[in-house]
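Engineer: Residue 99 in UniProt numbering sits at position 99 of the sequence shown; the count goes up by one each step and never skips. Okay, here's the structure, questions in a sec.
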Amino acid sequence: MLRPDVIDLRNFYHSSLGQVVRRTIGRKIRLMWPDLENFRVLGIGYATPYLNPFRAEAERVISFMPLEQGVIQWPRDSRSLVSLVDERMLPLPDSSIDRIIWVHGLENTTDVDPTIQEIWRVLTSTGKLMVVVPSRRGLWARTENTPFGYGHPYSDKQLNRLLRDNMFTPGDRQGALYMPPSKWRVNLKLARAWENIGEKWWSHFSGVRIMEAEKQVYALTEQPERKTRRRPVILPAARPVIAGRQSRQLKEKT
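The following block contains the structure:
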C-alpha cells in the first residue's frame, strides 16, 4: 500500500495548509481530551504535530513511527522522544500506556488487526485510544495533495465495527476539516468559518473522523496463544530516515 513517507508528512505540516490542519484537528483532540495530567501518552503513525500540547502536563509523552514510513527527530528542542518500530510488535510492557493518539496510521496499515491488538496490549485497563482517519464521505480522501488522500478511508460505521472486533468500546466521535483541501489563501483564512458551518449543516461530510475508544477487559479462563516473534530494532531519531534506505540497513544488520 502506497503511503506518504516521513519527509512528505513533515513538509505538509510545515506548509500553511498543514498548520491550519494541525490547529483544526488539535482543537478537536483537546476538546475530547481536555486534561491528561500525569498520564502516559503515546503517539503512533505521524502524531507528533498533535503531541506538543500534552508535554507540559502528561507524565510522559513518546512517539512511535512505523518502519514503512520512516522517522524524524522530535522534539527539535530536546532529546528525542521518537522511535522507529514495527507496529505489530510495540517495544512496551503490557498495560504501560494510558492514552494513545493514532494519526496517519490506521488508513495506511496493512496488518490492521495485529496492530490494533498490540495497541490493546500496551494500554492500561482504563486506557483509551483516539483514532484520526480520512472520512469516506469527505473531500480530503479524494485528492492526493495532502497525506489524508492516501490509504483506506473509513466511515464511522466501519471504524466502529473494526474497534469492537478488536476489544475496544467506541465512544465520543467528532468530525474535522470541512474546508476544501486547498492552499488558496482565502480558503485558509475562512477555515474556522468552514468548521462552524460544516458542523451545523453537513456534519457527515468532514474530511476526517476522530473516534475515541476504551479498552475492553474481560476475565479469561485461559491465556490466548501468542506467536513468538523477534523483538523489533528501535532506532533513535537523530536525522530523517527514508523507509527504503532504512529497510536496506536493517537487512544488512540481520
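Each residue gets a CB set at the ideal place from its N, CA and C atoms; glycine is no exception. Note that the structure is a prediction, hence the values are computed from the model and not measured.
Is DSSP giving Gln73 helix, strand or coil here?
Structural biologist: It is coil, neither helix nor strand.
Engineer: Suppose you measure from the CA of Asn166 to the CA of Val217; what does that come to, to the nearest Å?
Structural biologist: C-alpha separation (whole angstroms): 11 Å.
Engineer: Decide if the stretch 36–46 is in contact with the stretch 56–68; the criterion is three or more beta carbon pairs, one per stretch, under 8 Å apart.
Structural biologist: yes
Engineer: Using alpha carbons as the reference points, say which of Leu31, Leu106, Gly198, Asp113 lies closest to Gly149.
Structural biologist: Leu106
Engineer: Smallest Cα separation from Leu163: which of Gly138, Gln73, Met65, Pro114?
Structural biologist: The residue from Gly138, Gln73, Met65, Pro114 with its alpha-carbon nearest to that of Leu163 is Pro114.
Engineer: Here's a check: name, in chain order, each residue in its chain whose Cβ is nearer than 7 Å to the Cβ of Gly18, leaving out the five neighbours to either side.
Structural biologist: Answer for Gly18: Phe12, listed in chain order.
Engineer: With a threshold of 8 Å on Cβ separation, who are the neighbours of Ser63 within its own chain once the five nearest residues in sequence on each side are excluded?
Structural biologist: For Ser63, where only same-chain residues beyond five positions count, the Cβ hits under 8 Å are Leu42, Gly43, Ile44, Ala47, Thr48, Leu51, Trp74, Leu81, Val82, Ser83.
Engineer: Taking C-alpha atoms, which residue in Ala213, Val71, Leu139, Arg173 lies nearest to Ile7?
Structural biologist: Val71
Engineer: Please go through the same chain and pick out, in chain order, the residues whose beta-carbon is closer than 6 Å to the beta-carbon of Thr124, but skip the five residues on each side of it.
Structural biologist: Closer than 6 Å at Cβ, skipping near neighbours: Ser95, Asp98.
Engineer: Please classify Thr146: is it buried, with 16 or more other beta-carbons within 10 angstroms of its beta-carbon, or exposed?
Structural biologist: buried
Engineer: Cα separation between Pro53 and Ser78?
Structural biologist: 15 Å
Engineer: How many angstroms separate the CA atom of Arg229 from the CA atom of Met89?
Structural biologist: Note that Arg229 has pLDDT 46, beneath the 50 cutoff, so the model's placement of it is unreliable and the number below is only indicative. Across the structure, Arg229 and Met89 are spaced so that their CA atoms are roughly 8 Å apart.
Engineer: Taking DSSP's pairing of strands, which residues face Val61 in a bridge?
Structural biologist: Val41
Engineer: Start and end of the beta strand (DSSP E) containing Met130?
Structural biologist: 123–134
Engineer: Measuring straight from C-alpha to C-alpha, what distance separates residue 268 and His204?
Structural biologist: The shown model of the chain, from 1 to 254, leaves out residue 268, and the question about it has no answer.
Engineer: Is the beta carbon of Arg136 less than 8 Å from the beta carbon of Tyr154?
Structural biologist: yes
Engineer: Quick check on the burial criterion: 16 or more other C-beta atoms within 10 angstroms. Buried or exposed for Arg209?
Structural biologist: buried
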